[in-house]
Every structure is written in C-alpha cells, then in structure tokens.
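Undergrad: What follows is a single structure, and I will ask about it in a moment.
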Amino acid sequence: MKELSLHLLDIAQNSVSAGARKIEIAVRESAEKDRTVLTVTDDGKGMSAEFLSRVADPFTTTRTTRKVGMGIPLFKLAAELTGGTFSIESTPGKGTTVTAVFVPSHIDMPPLGDVTGSMITLIQGSPQLDFVYRHKTDRGEFTLDTRELRRILGDVPLNEPEVLHWIRDFINENEQN
Amino acid sequence: MKSIEELNALRDKMQASMNLRHEDPNSIRVVVGMATCGIAAGARPVLAAIVDEVGRRGLDNVKITQTGCIGVCRLEPIVEVFEPGKEKVTYVKMTADKAKRIVAEHLVNRSVVMEYTIGAAE
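Listed in order, the protein sequences are those of chains H and Z.
For reference, each letter of the first sequence is one residue, going 9 to 185 in this note's numbering.
For reference, each letter of the second sequence is one residue, going 59 to 180 in this note's numbering.
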C-alpha cells in the first residue's frame, strides 16, 4: 500500500463485510503534536476476544480464497514503522474501531494520498450504507455524511456516476478551505 | 465552492432522466476486485476510470459492482465483465487506461479486448 488512504479503504471493506450499517472514517492531522490519527469505526458484527487476539496475524483471515489476510497486518506495520501505534477495539454484536497513530515527521511516513478516492470507492460499492468521513487538521474540520446527501437525493442512488462525480468535487473543494 | 444545496439541482436532473430508464435485459455487469490484493495493486483508480467513462458516455445499461478477492491475487487488478448469454470475460493487470479501452471496445462495441484477458496473460 503506497498511501494511507488505501489502508483506510481496505480496512473499511472489512466493516462492509462485517455487515455494518454505518461506517465512520476519520483522519485527524496535527502538525503541532506531530501525529496523524486514522480511525475506522463500524457498527458491524464485531469480533470475539479470541479472534481479536490473532487478527493482526497474517495467517488469520475470513477470506475463503486464500489462507492469508494482509490488510490489518500491513496497516499495523505501516503505523509502527513511523514510531506510531495500532489498536483494535471490538465488541461482538456492537462493532469495531480500528485506530492507527502515525508520526508524520518520520522518514517512513507514507503520504495520506487520495482519501476522497477511497470514500468514492466505498460509496460506489455500498451506496445503501451510511458513511461518515471526518477530516480534521490544525486549520479546521470537514465532515461528509452520506445520510445528509441521501436526504436531498431521495430515490436517486448515491452510486450514479454523476452523483459520485459531484461528491468527489464536493469533498475536494471543501477540504481545501 | 460547492454547497450541499447544489445537489437539489442534480437530483432534479437525474430524476428526469431516470424516469425514462427501464430495466434493460441486455445490461452488462462489470465487477472490480476490491480486496487487499486488488487495492494494493491499483484497483481504486481502475474502478474510478470505469465509473467516469461509463458516466461520461451515459451507458445506462452497465452495472458496476465490487467484489472481494477473486483468487488470483498476482494478476490484480482484475475486472470481470458479464454479458447476458455470453461467457464471463476476465481482464487482468488492469490500469485506468486499459479500463477506459475496455469501456469503449467491450462495453460499447461489444468486442472483447483479447490482449488484456486472463487467457492472454497466462
């Protein structure tokens, strides 16, 4: 994974697979504290304590096509390589929160990349789910909530190409401010 | 700068065009692999290119979906095209540019781009 945004996409796909109705993706950047905190929170089926204890092991996976699962181990490694930390909290039946703390001044800090692209990919794949994207920096905060978009769109699906295009421009333009 | 109110205008426009649409029995389904292997290999820009190109050309008969690991991770990004009454076509090692060509040649002109298929890669 060349960008942190790709990890976010990958981890959020786990939330989709876990049957989440609402998935929140947050990027909190603080230049002052030299920390970038990424979280993916869902209300999916959660994990048992036993599964959680081995979920960062590459030989743990829910996929049926192969016996390895690299998503969580790669994300954990990326955070730890910058001197950061990684944690998962999960309650069966309630949901899961994945938190990765990065140290942006570290030489191994990957670029944040196209988080908008990851959000668009998620919305395209699961237009019926609720996605909340929060991006906080020292300059301010931006929030996108697909429930708000759906309220306006009515029966026009979120995954229509024209709508996705609009959402992309909406995030990009508002994030610059 | 875009405001959320602008969506009202887009919705009205979309609703007008959607009323004219009907379920096309000849609709094509395009599936992009979006598991860890696909994402790491570059599936996100491939999907974006297909969505953009299908939208730009107004191809209402194309359904774009995502799936998990297809099982041949080394050939990701993978795109599968399902045309009714025909065998599935699997495109491998996709890029955004290759994906645009598939939209033009396969989805519009219904002609398989043989050189990008799994058969040509193996």
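Don't be surprised by glycine CBs; every beta carbon is placed ideally from N, CA and C.
Quantities reported herein were computed from a predicted structural model and do not represent experimental measurements.
Opposite Z/K60 in the DSSP bridges: which residues?
TA: Within the second sequence, numbered from 1, the residue matching residue 60 of chain Z stands at position 2. Looking at the DSSP assignment, Z/K60 forms no beta bridge with any residue, so it has no partner.
Undergrad: Give me, in chain order, the residues of the same chain whose beta-carbon lies closer than 6 Å to that of H/E97; leave out the 5 immediate sequence neighbours on both sides.
TA: In the first sequence, residue 97 of chain H corresponds to position 89, counting from 1. Excluding sequence neighbours, H/E97 sits near T105.
Undergrad: In three-state DSSP terms, what is Z/F140?
TA: If you number the second sequence from 1, residue 140 of chain Z lands on position 82. It is a strand residue.
Undergrad: With a threshold of 8 Å between beta-carbons, can Z/D110 be considered close to chain H, or not?
TA: Position 52 of the second sequence, counted from the first residue, corresponds to residue 110 of chain Z. Yes - at least one Cβ of chain H is within 8 Å of the one on Z/D110.
Undergrad: For H/K144, collect the residues of the same chain with a Cβ closer than 6 Å to its Cβ; drop the 5 residues on either side in sequence, then sort them by chain order.
TA: Against the first sequence, residue 144 of chain H aligns to sequence position 136. The answer, listed in chain order, is R36.
Undergrad: Helix, strand or coil for Z/K71, going by three-state DSSP, please let me know.
TA: Here residue 71 of chain Z refers to the residue found at position 13 of the second sequence. The answer is helix: DSSP assigns Z/K71 an H, G or I state.
Undergrad: Out of H/I33, H/P66 and H/S113, point me to the one whose CA is closest to H/I80's CA.
TA: Taking the first sequence and counting its residues from 1, the one referred to as residue 80 of chain H is at position 72. Closest option to H/I80, Cα to Cα, is H/P66.
Undergrad: List the whole-angstrom C-beta distance separating H/R176 from H/T124, where the pair is believed to meet the contact cut-off of C-beta under 8 Å.
TA: Start at 1 with the first residue of the first sequence, and residue 176 of chain H comes out as number 168. Start at 1 with the first residue of the first sequence, and residue 124 of chain H comes out as number 116. Contact flag correct, Cβ pair sits at about 6 Å.
Undergrad: Could you please tell me which residues of the stretch 102 to 117 of chain H, in chain order, have their CB closer than 8 Å to any CB of chain Z?
TA: So nothing in the stretch comes that close.
Undergrad: Please state whether DSSP places H/D138 in a helix, a strand or coil.
TA: The sequence position of residue 138 of chain H within the first sequence is 130, counting from 1. Looking at H/D138 - three-state DSSP - the assignment turns out to be strand.
Undergrad: Measure from the C-beta of H/F178 to each C-beta in chain Z and report whether the shortest distance is under 8 Å.
TA: Position 170 of the first sequence, counting from 1, holds the residue named residue 178 of chain H. By this cut-off, H/F178 is an interface position.
Undergrad: Assess contact between the stretch 115 to 126 of chain Z and the stretch 156 to 170 of chain Z, defined as three or more Cβ pairs (one per stretch) separated by less than 8 Å. Is contact present?
TA: Yes, they touch.
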